[in-house]
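S.K.: By this note's numbering, the letter at position 320 of the sequence shown is numbered 329, and the numbering carries on one by one without gaps. Quick reminder that beta carbons are idealized off the backbone N, C-alpha and C, glycines included. Take this structure, written in structure tokens, and hold onto it; I'll ask about it next.
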Amino acid sequence: MPSALEAHIVPARRLSGRLRVPGDKSISHRYALLSALAEGTSRITNYSPGADCAATLECLRALGVTILRESDPVTGRLSTIVVHGRGLGRLAAPSATLNAQNSGTTTRLLAGILAAHPFTTTITGDASLCRRPMKRVIDPLTRMGARIEADNGCAPLTITGGGLHPIEYTTPVPSAQIKSAVLLAGLHLDGRTTVHEPAPTRDHTELAVVAFGGHVECAGTTIHVHGGRPLRAVDAQVPGDVSSATFWAVAAAALPGSDVTIEDLGLNPSRTALFDVLARAGAQVDRIIDVSTQGEPRGSVRIRHAGLRPLVLTPADIPALIDELPALAALAASGGELHVTGAGELRVKESDRITALATGLRALGADVDEFPDGFHIRGDRRLTGGHADAAHDHRLAMAFAIAGLSASGSTTVSGADVVDVSYPGFFDILATLTRAD
Ligand code: S3P
């Protein structure tokens, strides 16, 4: 077990086992937000246990939404939420500043909803969140009629909403969060709100709005929402988070003899590019879709090591893989090779993920070149292990831990408790999957 702040990783020979991962973070946020806007009581099972999704629940409570947590009868974990919806446009004015903590998704999606409410709200977060660009949601929401004050385009955002009108908007960068902010604002308005995307991004908002009885039409990278109609409560299940599963998939691809199966995993095609890329890199990947809930396909994936080939990711590959790049960087450092361009968005995530990745992986002995919009990692020399700092970024903490598995010596990841943002218990599962050796 790691201490609160430092995780110690010992080299592993291989990874094997079957497991489930926590509920999907992106989908959990959306189901919580839409439940709050629906008529009636929604029950969401397998809600993400991460701190980001807890921040969304706290913000909703501050907006007058009653939310209860129930434990799962099988695991005993508090993984079900019961949300008493207030109805579209009927959130209550909060009495204090909302705190989205580390969660960009909470901030941007909630900004869209608050823009449609006729009161003033301030939303802020931790130091990392307050460095992240918010102009990308301020611009379209202002065009719709909201008044938003921000310091230098960053949180805290003070949003005075209401009186909006539908717009047609082209997002400046491929971003599901910008798209969702506009669609969620549009959901409150009579008429058609349209978003054009420069490249497809995850479509969980579109699917979730339909599941809650809203009207969305998609034609390629154009999405229309027809708003002003009540949403109805649902009983929804959140599938396992493919971005969390990525770390096990990558570790299995890296370590000879590995064989890992992840069950009950979200397999929405807008999120599964990782598995195609792992197959391109030489891993044996078998996917089965079992079922679909609320329009979200789910099933299992088995990953076996079968050698590693160099990978090149071009700008067109990036939007579908943006959250998976830290793990793929760890794979490259563990005996692969990876050249990434067109990934400047990594610099405005929970950390500057290009510089912080390069710094952490170099500290473990990797050969990394950094570019303004990407990096090149050559894994032809074995990692030594060492000390890497998670840079307050959950995905980096997990990526450095996975890289440490194929090093010759041990690795310490400092600030490792940041994994709680999306994957509490990550280090316990790591211990289980590597225990056989
Ligand atoms: C997310 C969208 C992506 C992703 C983030 C979650 C979402 O961000 O990186 O982790 O849930 O919509 P961007 O929209 O900024 O690309």
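H174: buried (16+ other C-beta within 10 angstroms of its C-beta) or exposed?
M.R.: Working through the sequence shown from its first residue, we reach residue 174 at position 165. Burial call: exposed.
S.K.: Can you tell me whether N111 is buried or exposed, with buried defined as 16 or more other CB within 10 angstroms of its CB?
M.R.: Indexing the sequence shown from 1 puts residue 111 at position 102. Flag for N111 reads buried.
S.K.: Relative to the ligand S3P, is the shortest distance from any of its heavy atoms to the C-beta of D332 smaller than 7 angstroms?
M.R.: To locate residue 332, count along the sequence shown from 1; it is residue 323. Within the cutoff, so yes.
S.K.: Can you check DSSP and say which residues form a bridge with P306?
M.R.: For this step, residue 306 is matched to residue 297 along the sequence shown. In DSSP, P306 forms a bridge with S301.
S.K.: Could you tell me whether the segment 24-37 touches the segment 263-279, where touching means 3 or more Cβ pairs closer than 8 angstroms?
M.R.: Yes: at least three Cβ pairs fall under 8 angstroms.
S.K.: Just reading off the beta strand (DSSP E) that L72 is part of, what are its end residues?
M.R.: Position 63 of the sequence shown, counted from the first residue, corresponds to residue 72. Here L72 belongs to no beta strand (DSSP E), and DSSP marks it neither H nor E.
S.K.: When the Cα atoms are used, what is the spatial distance from P165 to G113?
M.R.: Here residue 165 refers to the residue found at position 156 when the sequence shown is read from its first residue. Here residue 113 refers to the residue found at position 104 when the sequence shown is read from its first residue. Their Cα atoms are separated by approximately 12 angstroms.
S.K.: Considering only their Cβ atoms, is the gap separating G73 from F128 smaller than 8 angstroms?
M.R.: Your numbering for residue 128 matches position 119 in the sequence shown. Your numbering for residue 73 matches position 64 in the sequence shown. Taking 8 angstroms as the Cβ cut-off, F128 and G73 do not qualify as a contacting pair.
S.K.: Could you say which of H403, D326 and A375 lies nearest to D361 if we only look at CA atoms?
M.R.: Taking the sequence shown and counting its residues from 1, the one referred to as residue 361 is at position 352. Selected option, being the one with the closest Cα: H403.
S.K.: Quick one: residues in its chain with C-beta nearer than 6 angstroms to the C-beta of Y178, no 5 flanking neighbours on either side, listed in chain order?
M.R.: Taking the sequence shown and counting its residues from 1, the one referred to as residue 178 is at position 169. Once the five neighbours on either side are set aside, the close Cβ partners of Y178 are P149, V191 and V204.
S.K.: Could you give the distance in angstroms between the alpha-carbon of S12 and the alpha-carbon of G394?
M.R.: For the purposes of this step, residue 12 is identified with residue 3 of the sequence shown, where counting begins at 1. For the purposes of this step, residue 394 is identified with residue 385 of the sequence shown, where counting begins at 1. Confidence at S12 is low in this model, with a pLDDT of 44, below 50, so the placement of that residue is unreliable and no value is reported for it.
S.K.: Confirm the yes/no value for this check: CB of G85, any heavy atom of the ligand S3P, distance under 7 angstroms.
M.R.: The residue given as residue 85 occupies position 76 in the sequence shown. Not so, every heavy atom of the ligand S3P lies at least 7 angstroms from the Cβ.
S.K.: Quick check: the Cα distance between L118 and S189, rounded to an integer number of angstroms?
M.R.: For the purposes of this step, residue 118 is identified with residue 109 of the sequence shown, where counting begins at 1. For the purposes of this step, residue 189 is identified with residue 180 of the sequence shown, where counting begins at 1. Roughly 6 angstroms between the two C-alpha positions.
S.K.: Going by C-alpha to C-alpha distance, which of A352, P239 and V259 sits closest to L24?
M.R.: Taking the first residue of the sequence shown as 1, we reach residue 24 at position 15. The option with the nearest alpha carbon to L24 is V259.
S.K.: According to DSSP, what are the bridge partners of G236?
M.R.: Start at 1 with the first residue of the sequence shown, and residue 236 comes out as number 227. G200, per the DSSP bridge assignment.
S.K.: In terms of DSSP beta bridges, what is I53 paired with?
M.R.: Sequence index remark: in the sequence shown, residue 53 carries index 44 (1-based). In DSSP, I53 forms a bridge with I90 and A245.
S.K.: What would DSSP say about R29, mapped onto helix, strand or coil?
M.R.: Position 20 of the sequence shown, counting from 1, holds the residue named residue 29. Strand at R29.
S.K.: Would you call the segment 137-147 and the segment 210-225 in contact, with 3 or more CB pairs under 8 angstroms?
M.R.: The segment 137-147, when compared against the segment 210-225, does not touch it at the 8 angstroms Cβ threshold.
S.K.: Using the beta-carbon count (16 or more within 10 Å), is R39 buried or exposed?
M.R.: Position 30 of the sequence shown, counted from the first residue, corresponds to residue 39. It counts as buried.
S.K.: Is M153 closer than 8 angstroms to I9 when the C-beta atoms are compared?
M.R.: For the chain, the structure presents residues 10 to 446; residue 9 sits outside this window and is missing.
S.K.: Taking the C-alpha atoms as reference points, what is the distance between D378 and I386?
M.R.: Indexing the sequence shown from 1 puts residue 378 at position 369. Indexing the sequence shown from 1 puts residue 386 at position 377. Looking at the two C-alpha atoms, the distance is approximately 6 angstroms.
S.K.: Between the alpha carbons of H302 and A245, how many angstroms are there, rounded?
M.R.: The residue you call residue 302 lines up with position 293 of the sequence shown. The residue you call residue 245 lines up with position 236 of the sequence shown. For clarity, residue 302 is Thr in the given sequence; the question names His instead. When rounded, the distance between both Cα atoms is 7 angstroms.
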